[in-house]
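Asker: Submitted below is the structure of interest, expressed as structure tokens.
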Amino acid sequence: MQIALAPMEGLVDNILRDVLTRVGGIDWCVTEFIRVNDRLLTPAYFHKLAPELLHGAHTAAGVPLRVQLLGSDPVCLAENAALACELGSEVIDLNFGCPAKTVNKSRGGAVLLKEPELLNRIVEHVRRAVPVHIPVTAKMRLGFDSPDGALVCATALAEGGAAHIVVHARTKTDGYKPPAHWEWIPRVQDVVKVPVFANGDIWSVDDWRRCREVSGAEDIMLGRGLVARPDLARQIAAARAGAQVVEMTWAELQPMLQEFWRQSVAQLTEKQAPGRLKQWLAMLTRNYPEAVELFTAMRRETELERVSRLLGMTHPIAD
Numbered sequence: 001m002q003i004a005l006a007p008m009e010g011l012v013d014n015i016l017r018d019v020l021t022r023v024g025g026i027d028w029c030v031t032e033f034i035r036v037n038d039r040l041l042t043p044a045y046f047h048k049l050a051p052e053l054l055h056g057a058h059t060a061a062g063v064p065l066r067v068q069l070l071g072s073d074p075v076c077l078a079e080n081a082a083l084a085c086e087l088g089s090e091v092i093d094l095n096f097g098c099p100a101k102t103v104n105k106s107r108g109g110a111v112l113l114k115e116p117e118l119l120n121r122i123v124e125h126v127r128r129a130v131p132v133h134i135p136v137t138a139k140m141r142l143g144f145d146s147p148d149g150a151l152v153c154a155t156a157l158a159e160g161g162a163a164h165i166v167v168h169a170r171t172k173t174d175g176y177k178p179p180a181h182w183e184w185i186p187r188v189q190d191v192v193k194v195p196v197f198a199n200g201d202i203w204s205v206d207d208w209r210r211c212r213e214v215s216g217a218e219d220i221m222l223g224r225g226l227v228a229r230p231d232l233a234r235q236i237a238a239a240r241a242g243a244q245v246v247e248m249t250w251a252e253l254q255p256m257l258q259e260f261w262r263q264s265v266a267q268l269t270e271k272q273a274p275g276r277l278k279q280w281l282a283m284l285t286r287n288y289p290e291a292v293e294l295f296t297a298m299r300r301e302t303e304l305e306r307v308s309r310l311l312g313m314t315h316p317i318a319d
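Positions 1 to 319 (UniProt numbering) are the ones given, in order, by the sequence shown.
Given below as structure tokens:
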């Protein structure tokens, strides 16, 4: 069983990847998508979105990082994939699932599910461009506005050389509205010979159990559920092993929030840092009543020292 941390643009950056992978249970994680248009990106650009490449393509906790590329030009994607490998990425992931309108309008993400032949060409080009020992993987949704073409798209990816496929069990039109259609996962697995990961609407151990029963998938990718419950991967790993599931307390979460804040202050602007903390806090309110209270207290707070005090930190900026 593998448990992966999903790539989520504007949310799971290197700071949150670092904090979440320290908890345990996560086998590998993925960068926010790196957009590829019509040129070869610079190493500096890769390092900006994936600073882990400077440290062996692993987070501080030792969890492997995969570089994810998004675009529609097979040749340009292949060239950038080759560069990412030179910079240290041990796996190249391709994004065919992003539902954002701005991304889809520029022929990226889920809109490419309308063109299975192009999916196949992209994976083929990237597969040929990177060293043979580097796996190329793909993440897809069930389709753009209908799941009718899901099996064709998955087949195109597998035949192009994808080592495994992560299936977010919704269409682009579905967005993030529940439910995720886990019943499609076994149908996808039936038509491809590579592993298929289940993704979507796994918020708890009970959700994982239901997903596993419906989808038959041993491997999963966790997104918003893991951000909202930082020990979810660890809980699921324990449940899978037949061990006791012990939930993280709010007190145990405090050092994580403080470390997230320290890194945000160090790496982001004074305007950005409070916003990123509030973004994560808002998601934590789903599972922690204390997060509701803290989020309410700092909802309109922008002054760094005041935010620090609300987190129980005396001199975090100077540390």
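Don't be surprised by glycine CBs; every beta carbon is placed ideally from N, CA and C.
Around the C-beta of residue 321, are 16 or more other C-beta atoms found within 10 angstroms, so that it is buried, or is it exposed?
Answerer: The requested residue 321 does not occur in the structure, where the chain is confined to residues 1 to 319.
Asker: Just to confirm the assignment: which complete beta strand (DSSP E) runs, minimum length 3, are found wholly within the segment 61-121?
Answerer: 65-70, 92-96
Asker: So Leu-53 and Phe-46 are in contact, right, with Cβ under 8 Å, and what is the actual spacing, rounded?
Answerer: If you number the sequence shown from 1, residue 53 lands on position 53. If you number the sequence shown from 1, residue 46 lands on position 46. So it is a contact: roughly 6 Å between Cβ atoms.
Asker: What first and last residue would you give for the beta strand (DSSP E) that runs through Ile-134?
Answerer: Against the sequence shown, residue 134 aligns to sequence position 134. Run containing Ile-134: none; DSSP gives neither H nor E here.
Asker: Is it the case that the segment 220-228 contacts the segment 191-208, given that we only count it when at least three CB pairs across the two stretches are under 8 Å?
Answerer: yes
Asker: How big is the Cα-Cα spacing for Leu-281 and Arg-128?
Answerer: Here residue 281 refers to the residue found at position 281 of the sequence shown. Here residue 128 refers to the residue found at position 128 of the sequence shown. Rounded to whole angstroms, Leu-281 to Arg-128 spans 43 Å at the Cα level.
Asker: In this structure, does DSSP put Trp-184 in helix, strand or coil?
Answerer: Numbered from its first residue, the sequence shown carries residue 184 at position 184. Note: Trp-184 maps to helix in three-state DSSP.
Asker: Which residue's Cα is closest to the Cα of Gly-242: Arg-209, Gly-62, Asp-73, Ala-150?
Answerer: Stepping through the sequence shown from its first residue, residue 242 is reached at position 242. Sorting Arg-209, Gly-62, Asp-73, Ala-150 by C-alpha distance to the C-alpha of Gly-242 places Arg-209 at the top.
Asker: Write down every uninterrupted run of the alpha helix (DSSP H) in the segment 218-250 whose length is 4 residues or greater and which is fully enclosed by it, in chain order.
Answerer: If we require 4 residues or more, the alpha helix (DSSP H) runs fully inside the segment 218-250 come out as 224-228, 232-240.
Asker: Kindly confirm or deny that the segment 101-115 and the segment 66-86 touch, where touching means at least three C-beta pairs closer than 8 Å.
Answerer: yes
Asker: If I measure Cβ to Cβ from Val-23 and keep anything under 6 Å in the same chain, skipping five residues before and after, which residues do I get?
Answerer: By one-based count along the sequence shown, residue 23 stands at place 23. If we look at Val-23 and ignore the five residues flanking it on each side, its Cβ neighbours are Pro-230, Asp-231, Arg-234.
Asker: At the level of alpha carbons, what is the spacing between Asn-37 and Cys-76?
Answerer: For the purposes of this step, residue 37 is identified with residue 37 of the sequence shown, where counting begins at 1. For the purposes of this step, residue 76 is identified with residue 76 of the sequence shown, where counting begins at 1. Cα to Cα, the separation comes out at about 7 Å.
Asker: Under the three-state reduction of DSSP, which class applies to Asp-319: helix, strand or coil?
Answerer: Position 319 of the sequence shown holds residue 319. The pLDDT assigned to Asp-319 is 45, lower than 50, so where the model puts this residue is not dependable, and the model offers no usable value.
Asker: List the residues that DSSP assigns as beta-bridge partners of Val-196.
Answerer: Here residue 196 refers to the residue found at position 196 of the sequence shown. Answer is Ile-165, bridged to Val-196.
Asker: What are the start and end residues of the alpha helix (DSSP H) that includes Trp-280?
Answerer: Counted from its first residue, the sequence shown places residue 280 at position 280. Element bounds for Trp-280: 272-284.
Asker: Please determine if the segment 297-312 and the segment 254-272 are in contact, where contact requires at least 3 C-beta pairs separated by less than 8 Å.
Answerer: yes
Asker: What residue does the beta strand (DSSP E) around Leu-5 start on, and which one ends it?
Answerer: The residue given as residue 5 occupies position 5 in the sequence shown. Per DSSP, Leu-5 belongs to the beta strand (DSSP E) from 3-5.
Asker: Which one of Met-298, Arg-240, Arg-35 has the shortest CA to CA distance from Ser-106?
Answerer: Here residue 106 refers to the residue found at position 106 when the sequence shown is read from its first residue. It is Arg-35 whose Cα lies nearest to the Cα of Ser-106.
Asker: Report the partner residues of Thr-171 according to the DSSP bridge assignment.
Answerer: As a working mapping, residue 171 is identified with position 171 in the sequence shown. DSSP, once it has assigned bridges, lists Gly-143 as partnering Thr-171.
Asker: Note down the Cα distance separating Asn-120 from Leu-226, rounded to an integer number of angstroms.
Answerer: The sequence position of residue 120 within the sequence shown is 120, counting from 1. The sequence position of residue 226 within the sequence shown is 226, counting from 1. Cα to Cα, the separation comes out at about 31 Å.
Asker: What is the DSSP secondary structure of Arg-39, reduced to helix, strand or coil?
Answerer: The residue labelled residue 39 in the question sits at position 39 within the sequence shown. Arg-39 falls in the coil class under three-state DSSP.
Asker: Name, in chain order, the residues that DSSP records as bridge partners for Ala-44.
Answerer: For the purposes of this step, residue 44 is identified with residue 44 of the sequence shown, where counting begins at 1. Answer is none; Ala-44 lacks a bridge partner.
Asker: Can you name, in chain order, every residue of its own chain whose Cβ lies under 8 Å from the Cβ of Ile-134, other than the five neighbours on each side?
Answerer: As a first step, residue 134 is located in the sequence shown; it is residue number 134 there, counting from the start. Here the set comprises Cys-85, Ser-89, Glu-90, Val-91, Ile-92.
Asker: Note the first and the last residue of the continuous alpha helix (DSSP H) segment covering Trp-208.
Answerer: Taking the sequence shown and counting its residues from 1, one reaches residue 208 at position 208. From DSSP, the alpha helix (DSSP H) with Trp-208 extends over 205-215.
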